[in-house]
Every structure is written in C-alpha cells, then in structure tokens.
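Protein chains in written order, with our numbering: chain Z, 1 to 101; chain L, 102 to 248.
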C-alpha cells in the first residue's frame, strides 16, 4: 500500500494505491494520521481510485480519519471508490456516515 | 447423511498478515473452475480476507500460529470455504458477530462477520476458548447460461 500526499491551503489529498487490507491498512492509518496532524486540513479528500482490493480494514481507516477530522472541525470526502470497495462500504452502511463521491 | 463434495483443496499457512492476500487469491483461483462472475469472485475474496484476518489478529495476537483454509465444491454448484485456527478462541461468538463489536482496537472496524454474512449465503462460526475457531462459509455460484 502506497499513499501519495498533496497538501495546499489547508486542503489535504491522500491517494491510496494498492490493497487496503489489514496488512496494508496498518501502516496506511498511521501515515494518514501523521499527514493530517502535519497539514491540519479543513478539507480532507481520500482518493481510492488506486485501491486494488479493500476489506473491513478500509472501513476502520475511513472511520478513524473521520474522527480526526471532527476533532479539527473539518470535512472528509471519499472519492473514486472502485466497485468492490463500494460494495464493502455499502454492506457496512458506511455511506450513511461518510460523504462518498 | 453427509453430502459428498466433488473437489477439495486444503492449504495451511502461518498467521503472517502478508498471507491475507495469498489466502484470498488462492480461494479465488480455486473458485475459478465454477465459472463465477466478477462480483462473485470479489465476494469470495472479501469474505476469505475477513476470516483470515480474524485468525491473524485475534486467534494469535502475540505469536504466529497455523491457519488452514479448506475449499470444497459440492455438486449443486456450492462453494464451501472453511478457515480454521487453533488459537485463543472467542469467548462469546454471538457478541463477536454483532456489527461494530471488536476487541481489535482502533485498527479494526468490527464489521468482519457482517461482511462475511452479507457476501456469502451462509456463515457458521464455532469456537472453543483456548482451542481455536472454525468459520465455515457457503456460497452458491449461479450457473451461467452458455451462449
């Protein structure tokens, strides 16, 4: 799992590339948290276009980053979710809790 | 009477997290002979990933242990996947199956069993504390109309 970070004007974009399973998500979560703490964004976008597989580990990552953004009084959007990952989010009812485009 | 399966594969591996992708790919490769749709393949991969991750995270929290993955095909186009460990076991299976329940800390969402239930047709979980856990999932792969 690789994450590309782009920060500008308190907007933070995190692009995820690879398998977002438990193996990949552990480091990804820590890297995402470090990036949020460094950028203190008002808007956070998680781009999942490059996610090749996702299981419930990805749900934990989304919910944890959302908690972090709530503490910062900022917003979170998840975009580019591939069909397989989308079905995982839908099965868990996450689309009701998080903005997914 | 026990129903007879027509094919079977058994794999045993160590509970390293790098084996999560190995296990789900192996299950997808085995299921390929049933001519599943892409969605069905993804359902199988996701469910196997959840079950194997549970064994890695919860069965052997501080050590490496053996996880076995057994896949069977039954005559009416049913795939059965069993994931078995000899780890710590689950104290309360009913509680563990509740959505959002987890003992895995902030890295886990507590949605693993919910996803297995929604992506497979049947899920059974048997566990004995101190002895291990066995998860059995079944899914019927709808035969496709031949052109």
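For glycine and all other residues, C-beta sits at the position ideal for the given N, C-alpha and C.
These numbers come from a predicted model, not from an experiment.
query, result
"6 Å Cβ shell around residue 214/L - same chain, five flanking residues per side excluded", "198"
"DSSP three-state assignment for residue 129/L, whether helix, strand or coil", "helix"
"Euclidean distance between Cα positions of residue 191/L and residue 143/L", "27 Å"
"Contact check, residue 69/Z vs residue 63/Z, beta carbons under 8 Å", "no"
"Beta strand (DSSP E) segment containing residue 174/L, residue limits", "167-175"
"Interface flag, residue 88/Z vs chain L, CB-CB below 8 Å", "yes"
"Any C-beta of chain Z under 8 Å from that of residue 212/L", "yes"
"Within chain Z, the residues that residue 249/L reaches when beta carbons sit closer than 9 Å", "The structure shown does not extend to residue 249/L, since chain L is modelled only from 102 through 248, so no value can be given for it."
"Beta-carbon neighbours of residue 151/L, restricted to chain A and to distances below 7 Å", "The structure shown contains no chain A; its protein chains are Z and L."
"Within-8 Å CB hit, residue 116/L to chain Z", "no"
"Residues, ordered as in the chain, of the stretch 22-37 of chain Z that lie near chain L by beta-carbon distance below 8 Å", "22, 23, 25, 26 and 29"
"Contact under 8 Å by Cβ, residue 217/L with residue 183/L", "no"
"Residue-chain proximity (residue 174/L, chain Z), Cβ-Cβ < 8 Å", "no"
"Beta-ladder partner(s) of residue 6/Z, from DSSP", "13/Z"
"Test: residue 96/Z CB closer than 8 Å to a CB of chain L", "no"
"Residue from 21/Z, 74/Z, 36/Z and 12/Z with nearest C-alpha to residue 53/Z", "21/Z"
"C-beta contact flag for residue 205/L and residue 168/L at 8 Å", "no"
"Start and end residues, beta strand (DSSP E) containing residue 110/L", "108-115"
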